[in-house]
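Data first, discussion second: the structure below is written as structure tokens.
Numbering (this note's numbering), first residue to last: 62 to 271.
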């Protein structure tokens with residue numbers, strides 16, 4: 062198993078996390094990572110205990126890192142298009158299951174998908190990747206950091222998340238997969254994304270899909 066800390070600063074966030082964790086422990090689908098449990102780490106220097114989530118160990122790590130290693134790692138490994146399509150299908154199945162349980166993901170991206178030993182992709186998100194991939198998140202005024210290159214324009218404008226905004230994020234995730242882990246909207250800075258989308262611009266078709 063893998064035990065990972067979750068940084069939580071406010072009591073309300075702790076309550077939300079624990080409530081969501083209870084729901085996640087009920088998930089049972091081959092393309093959704095199984096939350097095995099939650100424990101608390103107590104530190105006298107911290108006002109609140111730090112939650113520690115217990116997850117299955119995923120040998121290949123997250124999908125984004127795997128795709129990057131396959132393309133620019135010390136020993137690049139060719140991942141054929143058939144395998145990339147399988148990754149996308151796995152993510153779609155996992156997201157379909159979450160939607161059927163009336164669960165909105167709100168942060169779907171390749172970095173939040175884990176790769177099992179048999180190369181099955183499991184959708185995951187327990188707030189674990191925000192610190193590792195902090196450059197993917199943008200703080201807009203007093204609004205908490207948002208993964209602006211993955212979220213729908215209405216989510217940026219109104220912080221409104223629905224299953225439809227998850228579908229938008231799935232489209233961006235597919236783009237990540239078929240480009241072997243490249244950053245979406247190359248050349249566009251995080252703070253430029255809202256105006257860029259508002260002007261009608263969208264992700265360009267990847268060269269591998271022409």
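We put the CB at the ideal spot given by N, CA and C, even for glycine.
For residue i: DSSP bridge partner residues
i, result
"residue 182", "176"
Extent of the continuous alpha helix (DSSP H) to which residue i belongs
i, result
"residue 155", "142-161"
"residue 63", "That residue, residue 63, is in no alpha helix (DSSP H); its beta strand (DSSP E) goes 63-66."
Endpoints, the beta strand (DSSP E) within which residue i is located
i, result
"residue 116", "111-116"
Neighbourhood of residue i by C-beta, 6 angstroms cutoff - its chain only, sequence neighbours within 5 removed
i, result
"residue 54", "Any property of residue 54 remains undetermined from this structure, which presents the chain solely from 62 to 271."
"residue 63", "116, 118"
"residue 66", "111, 113"
"residue 249", "257"
"residue 103", "110"
"residue 7", "The structure shown does not extend to residue 7, since the chain is modelled only from 62 to 271, so the question has no answer here."
"residue 128", "241, 242"
"residue 99", "82, 112, 114"
"residue 211", "170, 230, 233"
Other residues of its chain near residue i: CB distance less than 7 angstroms, five sequence neighbours each side excluded
i, result
"residue 137", "131"
"residue 234", "152, 169, 170, 171"
"residue 95", "88, 117"
"residue 194", "Note on residue 194: pLDDT 44, under 50, position unreliable in the model; the coordinate value appears next. These residues qualify, in order along the chain: 172."
"residue 154", "92"
Residues near residue i in its chain [Cβ-Cβ closer than 8 angstroms; skip 5 each side]
i, result
"residue 160", "224, 227"
"residue 213", "225, 226, 229, 230"
"residue 217", "201, 207, 209, 254, 255, 258"
"residue 74", "none"
"residue 135", "none"
Taking only runs that begin and end inside the stretch 201-271, name each unbroken alpha helix (DSSP H) of 4 or more residues, in chain order. Whole alpha helix (DSSP H) segments, 4+ residues: 214-219, 224-239, 254-259.
Does the stretch 141-154 come within contact of the stretch 220-239, defined as at least 3 CB pairs closer than 8 angstroms? The stretch 141-154 is in contact with the stretch 220-239.
With a floor of 4 residues, list each alpha helix (DSSP H) that falls wholly inside the stretch 81-135, ordered by position along the chain. 124-133
The stretch 119-127 contacting the stretch 168-186, beta-carbon criterion three pairs below 8 angstroms: Yes, the stretch 119-127 is in contact with the stretch 168-186.
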